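The sequence shown lines up with residues 37 to 207 when you count with my numbering. Glycine included, each C-beta is placed from N, C-alpha and C at the ideal position. Only a predicted model underlies this, so the values are computations on that prediction, with no experimental measurement involved. Everything below concerns the one structure shown next.
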Amino acid sequence: MHSTQLCDVLRNPPLWDYALALYQRPGVADACLQLQDTAGADVCELLWRCWLDHHALVPTEQAYSTLDEIRAWQAEVTQPIRYLRRMLKPRARHAHDVATLRNHLKEAELLAERETLRQFQALSETLHAVRKRRADDASLTMQLTRCLTIHEPAQEAALATLTTQNTAHHP
Numbered sequence: 037m038h039s040t041q042l043c044d045v046l047r048n049p050p051l052w053d054y055a056l057a058l059y060q061r062p063g064v065a066d067a068c069l070q071l072q073d074t075a076g077a078d079v080c081e082l083l084w085r086c087w088l089d090h091h092a093l094v095p096t097e098q099a100y101s102t103l104d105e106i107r108a109w110q111a112e113v114t115q116p117i118r119y120l121r122r123m124l125k126p127r128a129r130h131a132h133d134v135a136t137l138r139n140h141l142k143e144a145e146l147l148a149e150r151e152t153l154r155q156f157q158a159l160s161e162t163l164h165a166v167r168k169r170r171a172d173d174a175s176l177t178m179q180l181t182r183c184l185t186i187h188e189p190a191q192e193a194a195l196a197t198l199t200t201q202n203t204a205h206h207p
């Protein structure tokens with residue numbers, strides 16, 4: 037598959053649209069947030085891997101150096117915004133100005149995540165970063181497990197929900 041064909045395939049649907057639709061499916065948001073909070077997973081990376089699986093693609097070894105750059109964006113930009121938003125939640129219940137600030141942080145966090153997904157899509161549209169899935173490739177569950185810093189039995193249900201909903205999801 038040449039670059040133009042790959043881009044055409046990956047833009048139907050684009051990652052952002054796919055991620056939003058999948059995230060809204062039953063149990064997916066809770067599963068993603070559980071994996072984020074208990075296992076150190078990056079929700080955007082989980083959704084990216086599901087989107088690749090939807091297109092019968094997997095990341096190549098060459099993609100991992102760029103993944104480090106995307107992960108750095110998440111660590112330096114998205115995660116600090118998320119931390120501040122969460123920290124302000126108790127105060128926002130009682131202070132209108134703090135609630136307004138928290139809502140702005142929520143918007144900024146969403147924009148940072150959208151940028152992350154844009155970076156994942158751009159990476160995917162380069163020929164060296166993804167390839168067609170083969171029969172001997174790891175299952176989606178195993179690929180998602182690679183996104184976890186901690187893998188315990190408690191995460192199995194969340195991984196199963198994400199995998200099942202991704203398989204059932206056809207935007």
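For this session: Could you work out which residue in Tyr54, Gln98 and Ser101 is closest to Leu82 when comparing CA atoms only?
Result: Tyr54
Exercise. Would you call the region 188-207 and the region 45-64 touching, i.e. three or more CB-CB distances under 8 Å?
Worked result: yes
For this session: Answer yes or no: the CB of Pro126 versus the heavy atoms of the ligand NAP, is any distance below 7 Å?
Result: As far as ligands go, the structure on display features none, and thus does not contain the ligand NAP.
Exercise. Between which two residues does the alpha helix (DSSP H) carrying Pro116 extend?
Worked result: Gln115 to Ala128
Exercise. For Ala165 versus Gln72, is the C-beta spacing smaller than 8 Å?
Worked result: no
Problem set entry | Bounding residues of the beta strand (DSSP E) (the contiguous stretch that carries Leu93) | Leu93 to Pro95
For this session: Can you grab the Cα-Cα spacing for the pair Leu103 / Thr136, in whole Å?
Result: 33 Å
Exercise. Under the three-state reduction of DSSP, which class applies to Arg25: helix, strand or coil?
Worked result: There is simply no residue 25 to check, as the chain begins at 37 and stops at 207 in what is shown.
For this session: Given a cut-off of 8 Å, decide if Leu176 and Cys86 are closer than it, judged by their beta-carbon atoms.
Result: yes
Exercise. Looking at C-alpha atoms only, which residue of Ile186, Thr197 and Ala190 is the closest neighbour of Gly76?
Worked result: Ile186
Exercise. With distances taken from CA atoms, which of Ala108, Arg169, His90 and His140 is nearest Thr96?
Worked result: Arg169
Exercise. Using CA coordinates, which residue listed in Thr162, Ile117, Glu192 and Arg127 is at the minimum distance from Lys142?
Worked result: Ile117
Exercise. So, helix, strand or coil for Arg104, using DSSP?
Worked result: The question names Arg, but residue 104 is Asp in the sequence shown. It is helical.
Exercise. What is the DSSP secondary structure of Gln98, reduced to helix, strand or coil?
Worked result: coil
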